[in-house]
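Asker: Chains A, B, C and D, in that order, are what the protein sequence lines are.
The numbering used here puts the first residue of the first sequence at 117, with every later residue one more than the last.
The numbering used here puts the first residue of the second sequence at 4, with every later residue one more than the last.
The numbering used here puts the first residue of the third sequence at 2, with every later residue one more than the last.
The numbering used here puts the first residue of the fourth sequence at 214, with every later residue one more than the last.
Virtual Cβ for every residue (Gly too), placed ideally from N, Cα, C.
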Amino acid sequence: MAATLTANDDVMRRLLPRLPAGVWSLSGFTVVWFGGIVIPLLAIILVSFFQGRGIRINLDPTFLQYERFFSYGGSDLLARSVRIAATITFIELMIAFPFALWLAKGCKNNMVRLLTFTALTVPFFLSPAARVIVWRSVFGINGVVNQALLATGAVDEPVTWLIFSEFAVHFGFLGAFFPTMVWPIFLSISLIDNDFLEASNDLGANRFRTLVHVIFPLALPGVVAGIVFTFIPMLGDTVVAQHMGGNNVLMLSAQVQSLIGVSNFLVAAALAAVVLGIMLAFQVLLWAALKPVGGLNEVFANLRR
Amino acid sequence: MTMTAHASETITYAQVRPPFWRRFMDGLPRGTGLFFGYGVLFILYLPIVWLMILSISGEPLTGIPGEWTLTWYEDVIYADIAQRDGEAYGSNFRVGDPLLLSIGLAFATSAACVIGALIVGPVLPRVKRRGPLLIGFLMPLMVPGIVAGVGLFMWYRLVINVKMGVWSLALAHFVWAFPFALLAMLVVASRFDTRLMEAAEDLGASRWQRFWQIEVPILKPGIFAAGFFGFLLSFNELPFSIFMRAGQDTLPLYLWIQSGAHNTTVPLIYAMSTLVTIVSIGLTFLAIKLAFGGGKDGKQ
Amino acid sequence: MANSDVTVPRAAVGNGDQILHVEHATHRFGDVVALDDVSITARRGEFLTLLGESGSGKTTLLRIVAGLERPTRIARIAIDGEDVSAIPASRRNCTTVFQHYALFPHMSVGQNVEYGLRVRGIDRDQRRKRAEDALALVRLLDKYGRRVHQLSGGERQRVALARALVTQPAILLLDEPLGALDEKLRVDMQVELLDLHEKLGLTFIYVTHSQEEALTMSDRIILMRRGRIVQEGPPTDLFDRPASRFVADFMGVENLLEGTIESVQNGTASVRIGGHVISGAWSGTGLAERGAPACVAVRAERIRLAPRGATVDEPGVNALPCTSGATIYKGKYLDQTLDTDIGPVKARIWDRGVDVTDLEALWWRESECAITSAENGAGAGSGEEADAA
Amino acid sequence: MRTSKHLYFHLSRRNFIKCAAAGTAIVGAPAILKGLTRKAIAQDENTIRLLITGPTLIPGDWSAFERETGFKMEDTVIKDDPGIFLTEILVNDGGDRFDIIAALTGAEQDLIDGEAIKPIETSAVPNWGGIPESITQMPYLQRDLAPEGGYVWGVPLAMNADSFGYLPEKLNEPRPPEEASWSLVYESEKTLGRSSTGDNYIYLWEALAYLKNTGQLEVGDLLDPSPEEAAATADFLIERKQAGQFRNFWKIFDDQVSDMKNGEVDAIRCWEPAVREANKAGGDWVYANATEFYTKWMHACYIPTQVHDRGNLEQVHTALNWILSGSYAAGITPLRGYVTGRPDLAPQYAEENGMGPEVGVAIDEALAKVKFKFAKEDFWFSAVPSNLQEMQAQMDRVLNA
């Protein structure tokens, strides 16, 4: 038996490098992914340095697209988009972390847990527009809130900033992006061994210290994932800014849509390049913030008990 | 080992007056996190409940419920049935096919995400120079969706010269969902101890046995999360799909196109969302019960 | 890959008494040579210990035997007469007990122990029975249904042991199995392991960095350094007849006095150190040569003290005039540093009555010390020794 | 640690190249599959496949068409953003999949340049003859291509002259047929903070027309504004935006309706059906007879080049003739208030088919509209003006301000 096996192995070995299956499949997947996805995406950046109209592009290098983008108020747009997304991401983190902690470790009632999970999942199935449009009738000039305020005499005139304002955009994001923050944090906290938490409590660490020194570092991959899951789709969201902001609060993706709508692929590419730059900066920031625990890669790579 | 360190720190902590914010945090009642969490869930669900009520109202666009009617549901459901029967119906809001395509794509994306995340997730943390790899895998997150969609479209249609179709739509969904699925998997896989695989090999397990009996059960939460995010992200994906569709309509695409019509679609969207909500609550509850309800690991 | 260009020494094949042959194993991790042309053998039923500091290649060697590491070059590796160099770990008839237990967290104790049988397709009832036998062997029968995280460290280690034994391997490989346990548990487990070894008559290959553990448990020790074997033999050999200064140092010889060989006679060498000549049995590899640097290895407990005025002038005794230095109280004994004109010498004093303040000299018998080569490097030609065995 | 680190990744350059070769083969596979997907889609020549944008589609109902022509109709709805529409036709070879393409006029120049459509033989479409002069002279239907010149490229599908909606009672403004000024949308103190317009280049263009008509801006060719004119208009809109004139900038039809229904605005640049929708719940909205100008737009049907090779050109011509028949007019006009190329055929059709008095009224209104609104000079809106991207960019600047 051994002899035939050896022979087979030799044939295989001559044909293929001696690698574990994991490395083989990773290499294959990586090549496909980089060839099929990353290169096309990077090509967008290359395209942003060319001229042309629609999809007809001639290869004269230029910074024209960037000049145009910034002359349309691009810098305000970027600053506004990042500011709003970052604010909401921070608020979500503050609310979601204790909530996820409670869900993972505090909640003893299984039915409550299951129902909460369900509640955190179902909104993903709904058209975001449907959810958001409803707020217009709640916060509008004739809306429920204004009617209540007028009836109680709290205001004489309807409050107009409840909708089509930055407040409205913030509010619209708040509910919509809560589950994306809770889920990853929940996942990582639920993986923490209970023995660990109990041990920490036995040793007299108070709640805050347990949180900061035991739970938080172990939940860090989830926190990072949660921030990514929330911040990035929020930057890409087309619905909230449009319906809650009434285009008074223009955000990134609305701008992209309008550029694509008129075949302005080149400026859109320039914008994409700028966004990519922001994302990389974001990653550098994240990395710097995580440096005490070994940087972003290490957070995912080396957190072992 | 770490615990001893904590113990000694606690002593010094007790001696020094803690800063304001620590006292504040410790002083907060236990339910604070819960209160805010469910508060946000309330904000999330208020419009959903409200739209359910409006979906059976005569004038949903005013936002004031009343004049109860099921006419919007008829429009959503019957238009499809009528078309199938070759009859005329006074609405062209036909969500049947887009919905089926969306569900199909969501399952396919989910499966692809699980496979992809299983290929990359467990190995990536052990690759030496994984930084560039990780950035490459997360690349779709860093480019606005619609631009990424155009980029992929240009590449495949103009450079490689293939026609768009369901395959490109599926690819678009996978590209969008995979980074999220991978992150979810990495949360779990970064803690996976590869020595367990060696132990299994040492005990005589073949490659497949190691994979199915050791790796998969231990990575189960990550697998579930990857599939879960794959499904959900695909189901509502719009920006990538716009250019990668070539004649195919997913549900979000269909609603997006409908929004360009010169007649109101909101009541129909409300009615449809209500149906989707009700069905998905049931299915999600079941799925989550299957995934978490088993109890052994999740509960304690 | 390139097995064919190394000739297999036929003489070593078919020796029924030998259960393991590793011949000319070399392994590199990138530029680092973890194992440098090492050959070892193990007898059936032997308790063989691979001893060395971390990075010495002992674990790599063990992993090569287990099949978990594919060596860069190897002439042959045979278990029970069968060449297994191309056979993956999963089909080798040996199992490993890992340092960090490596128990499967998603399985119960019983499932862990049964795992090796499960992958061999053995039916449920028999699996259960054999697992229970194995658990009984490590006195954990009552923990069959427990989950792994409910066990203590020592219990986990015993489960790992049961899991490795249940498949009845030809060789049991133990990779620092006691490293993660605390002091007291470790001593208990040593005894337990020895009992098991005796009871089962299995070949144990045991990796450790603790010379004390190695001395207590082994039939034979292979001491490794930088990927090579520096000395192998029964514990007493390594303890009393270190082949080099490194071995002596590693085996815990407190006093290593360096000088040059002055004369050699009938296996006894005399070494000049400063103004003194010290004699003892030559234990280095090869022959001692006049003028070569050498090292006198003498254990602290062999050092005896002569009070002021006493004469130490018997034949067969080495003596050095000394004065008293620092004293460290160790409970059962004192560690006393003695200053001589060739440097400090450590003595271990058990007798409380000895006055250490006023000394004439320290002395020890020639038979109580070893003269060995002063070089620190690996012993030459470890491969030859293996061939000779 | 020491052990597991090396277990997985031991990738030498040679191994990597082998892996890369395997991967490249997989990446290249789609290109190979290309040949398989290229084949023409089998089709039934009596089925007309129509690519159409939302506004002109009669919801769900092709029964009249199928009854009167004997053909089957398969519609596919697409967004009317020119970028998306043109990509679908030019890059995704829409002509392979559609027999008739209906789109906002103005986009056809790119289709002509891309040889995606062919001229229409008007003699094969009997109803073409009766189209009013004011419509056939519409610049985008007939484009002059030197040296031949004078080709007809499109058949009118539906059109309208857009203005704005307002609340006459509340604003103390006259009702139609009296005229009302566009200043209600842009400048009126009465509507400060309570007016609204759209969010794309069309609405910038309108503001430009307003500035021209009120003498605030010297405009060269209103049908094709220059970037400088667009910039000047944007400055005007930004000034008004910062003065607090606009409640919001809507994007879609439902935005307009909810703005009106929820009392957010008193005057709004909107589409005619939105006023109808808002009034369903008892609103007092009217669609203005504008003092200054109308935004005239048209959706037209084009025949893709590929149709000529498919052998169903005759059926396509019949379908186009139906679109110019009384049947389509009597369908779309009462529903949306839009006008077809042959509104004159509608009354007879409505009468013959017993469609009721409201349809008659709506058709009469439409005929009057053609006489009055379409006779007004001003401008036909083009989906793709020469400076499309600059105009949209200027509108983006307004939104960003």
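1) Rounded to whole angstroms, what's the CA-CA distance from B/L64 to D/W498? Just pull it up for me.
2) Taking three-plus beta-carbon pairs below 8 Å as touching, is the segment 277-294 of chain B in contact with the segment 233-251 of chain A?
3) Based on DSSP bridge pairs, tell me the residues matched to D/D375.
4) Which residues mark the beginning and the end of the beta strand (DSSP E) in which C/H25 is found?
5) For C/N256, write down the residues that DSSP places opposite it in a beta bridge.
6) Which residue from B/A115, B/T112 and B/A82 puts its Cα closest to that of B/D100?
7) Pairing CB atoms from the segment 402-409 of chain D with CB atoms from the segment 548-563 of chain D, are three or more of them under 8 Å?
8) In chain A, what lies closer than 7 Å to D/E346 by C-beta?
9) Identify each residue in the segment 55-67 of chain B for which the Cβ-Cβ distance to at least one residue of chain D is less than 7 Å, and report them in chain order.
10) Quick one: which chain C residues come within Cβ less than 9 Å of B/L201?
11) Return no unless some Cβ of chain B is closer than 9 Å to the Cβ of A/T268.
12) For the alpha helix (DSSP H) that B/W53 lies in, which residues bound it at each end?
13) What's the gap between the Cα of B/V165 and the Cα of B/Y159?
14) Do you know how far the Cα of D/F298 is from the Cα of D/Y562?
15) Could you give the first and the last residue of the continuous alpha helix (DSSP H) run that contains A/V355?
16) Round the Cβ separation of C/E233 and C/R246 to the nearest angstrom and send it over; I've been treating them as touching at under 8 Å.
17) Determine, for D/L612, whether the minimum Cβ-Cβ distance to residues of chain B falls below 9 Å.
18) Step through the CB atoms of chain A and report whether any lies within less than 9 Å of the CB of B/V165.
19) Along the segment 243-268 of chain A, where does the CB come closer than 8 Å to a CB of chain D? Name the residues.
20) Give me the DSSP bridge partner(s) of C/G281.
21) Return the residue from the list B/I56, B/S171, B/R194 and B/I221 that minimises the CA-CA distance to B/I272.
22) If we ignore side chains and look at the alpha-carbon of each, how far apart do A/P300 and B/L172 end up?
23) Please classify D/L303: is it buried, with 16 or more other beta-carbons within 10 angstroms of its beta-carbon, or exposed?
24) Output needed in chain order: residues of the segment 286-318 of chain D with a Cβ under 9 Å from some Cβ in chain A.
25) Going along chain D in order, which residues have a C-beta closer than 9 Å to the C-beta of B/H176?
26) Which parts of the segment 91-119 of chain C are runs of the alpha helix (DSSP H), unbroken and 4 residues or longer, counting only runs that do not cross its ends?
27) Indicate whether at least one CB of chain B lies closer than 9 Å to the CB of A/P274.
28) From this set, C/D314, C/V357 and C/P316, which residue's C-alpha is nearest C/Y334's C-alpha?
29) Could you give the DSSP three-state label for D/T410: helix, strand or coil?
30) How would you label B/P128, buried or exposed, when you count the other beta carbons within 10 angstroms and need 16 or more for buried?
31) Just to confirm before moving on: does the CB-CB distance between D/N259 and D/Q455 stay below 9 Å?
32) If you scan the segment 533-596 of chain D from start to end, which runs of the alpha helix (DSSP H) of 4 or more residues do you find wholly inside it?
33) Our contact map puts A/L368 next to A/L392 with C-beta atoms below 8 Å; I'd like the distance itself, whole angstroms only.
34) What separation, rounded to the nearest whole angstrom, lies between the Cα atoms of A/K221 and D/E452?
35) Can you tell me the Cα-Cα spacing of D/A329 and D/S396, whole angstroms?
36) Within 10 angstroms of the Cβ of B/D252, are there 16 or more other Cβ atoms? Answer buried if so, exposed if not.
Answerer: According to the structure shown:
1) Position 61 of the second sequence, counting from 1, holds the residue named residue 64 of chain B. Position 285 of the fourth sequence, counting from 1, holds the residue named residue 498 of chain D. The C-alpha of B/L64 lies about 16 Å from the C-alpha of D/W498.
2) Cβ pair count under 8 Å is three or more, so yes.
3) By 1-based counting over the fourth sequence, the position of residue 375 of chain D is 162. Answer is D/T508, bridged to D/D375.
4) Locating residue 25 of chain C in the third sequence gives position 24, where the first residue counts as 1. For C/H25, the enclosing beta strand (DSSP E) stretches over residues Q19 to F30.
5) In the third sequence, the residue the question calls residue 256 of chain C occupies position 255. Bridge pairing for C/N256: C/V299 [DSSP].
6) Residue 100 of chain B sits at position 97 when you count from the first residue of the second sequence. Minimum Cα distance to B/D100 is reached at B/A82.
7) In short, these stretches do not touch, since the Cβ pair count stays below three.
8) Against the fourth sequence, residue 346 of chain D aligns to sequence position 133. Within 7 Å Cβ-Cβ: nothing; D/E346 doesn't reach chain A, min ~32 Å.
9) Against chain D - using a Cβ distance shorter than 7 Å - the residues of the segment 55-67 of chain B are E62, L64, T65 and G66.
10) As a first step, residue 201 of chain B must be located in the second sequence, where it is residue number 198. Reading off the sequence shown, one finds Glu at residue 201 of chain B, where the question assumed Leu. The contacting residues are R64, A67, L69, A90, T97, F99 and A103.
11) Within the first sequence, residue 268 of chain A is the residue found at index 152, counting from 1. Output row for A/T268: interface = no.
12) Here residue 53 of chain B refers to the residue found at position 50 of the second sequence. Start and end: T35 to L57.
13) For this step, residue 165 of chain B is matched to residue 162 along the second sequence. For this step, residue 159 of chain B is matched to residue 156 along the second sequence. The alpha-carbon atoms of B/V165 and B/Y159 are separated by roughly 6 Å.
14) As a working note, residue 562 of chain D is residue 349 in the fourth sequence. As a working note, residue 298 of chain D is residue 85 in the fourth sequence. Their backbone Cα atoms lie some 33 Å apart in a straight line.
15) Reading the first sequence from its first residue, position 239 is the one you call residue 355 of chain A. V355 to G361 is the span of the alpha helix (DSSP H), which, as asked, contains A/V355.
16) In the third sequence, the residue the question calls residue 233 of chain C occupies position 232. In the third sequence, the residue the question calls residue 246 of chain C occupies position 245. Between C/R246 and C/E233 the Cβ distance is about 17 Å, and since that is not below 8 Å, they are no contact.
17) For the purposes of this step, residue 612 of chain D is identified with residue 399 of the fourth sequence, where counting begins at 1. Taking Cβ atoms only, chain B never reaches closer than 9 Å to D/L612, which makes this a no.
18) Against the second sequence, residue 165 of chain B aligns to sequence position 162. Closer than 9 Å: no.
19) Cβ proximity to chain D below 8 Å picks out I249, R252, S253, G256, I257, N258 and G259 from the segment 243-268 of chain A.
20) Numbered from 1 along the third sequence, position 280 holds the residue referred to as residue 281 of chain C. DSSP output for C/G281 lists C/A270 as bridge partner(s).
21) The residue given as residue 272 of chain B occupies position 269 in the second sequence. A check of alpha carbon separations from B/I272 across B/I56, B/S171, B/R194 and B/I221 identifies B/I56 as the nearest.
22) Position 184 of the first sequence, counted from the start, is the residue given in the question as residue 300 of chain A. Position 169 of the second sequence, counted from the start, is the residue given in the question as residue 172 of chain B. Taking the CA atoms as reference points, A/P300 sits about 26 Å from B/L172.
23) If you number the fourth sequence from 1, residue 303 of chain D lands on position 90. The C-beta of D/L303 has 16 or more other C-beta atoms within 10 Å across all chains shown, which makes the residue buried.
24) So the close ones are K292, D294, P295, G296, I297, L299, T300, L303 and V304.
25) Your numbering for residue 176 of chain B matches position 173 in the second sequence. Going along chain D, no residue has its Cβ under 9 Å from B/H176, so there is no contact; the nearest lies around 16 Å.
26) Qualifying alpha helix (DSSP H) stretches, in chain order: 110-119.
27) The sequence position of residue 274 of chain A within the first sequence is 158, counting from 1. Not an interface residue.
28) In the third sequence, counting from the first residue as 1, residue 334 of chain C sits at position 333. Residue C/V357 is the option with its Cα nearest to C/Y334.
29) Residue mapping note: residue 410 of chain D aligns to position 197 of the fourth sequence, counting from 1. The three-state reading of DSSP puts D/T410 in strand, counting E and B together.
30) Residue mapping note: residue 128 of chain B aligns to position 125 of the second sequence, counting from 1. Looking at its Cβ environment, which holds 16 or more other Cβ atoms inside 10 Å, B/P128 is buried.
31) Counted from its first residue, the fourth sequence places residue 259 of chain D at position 46. Counted from its first residue, the fourth sequence places residue 455 of chain D at position 242. No, the pair does not count as a contact, with Cβ atoms beyond the cut-off.
32) Secondary structure in the segment 533-596 of chain D: the alpha helix (DSSP H) runs of 4 residues or longer, each lying completely within the stretch, are 539-549, 559-565 and 570-585 in chain order.
33) For this step, residue 368 of chain A is matched to residue 252 along the first sequence. For this step, residue 392 of chain A is matched to residue 276 along the first sequence. Contact doesn't hold; Cβ gap of about 12 Å is too wide.
34) For this step, residue 221 of chain A is matched to residue 105 along the first sequence. For this step, residue 452 of chain D is matched to residue 239 along the fourth sequence. One C-alpha to the other measures close to 56 Å.
35) For the purposes of this step, residue 329 of chain D is taken as residue 116 along the fourth sequence, with counting starting at 1. For the purposes of this step, residue 396 of chain D is taken as residue 183 along the fourth sequence, with counting starting at 1. Using only the alpha carbons, I get a separation of about 41 Å.
36) Residue 252 of chain B sits at position 249 when you count from the first residue of the second sequence. Buried.
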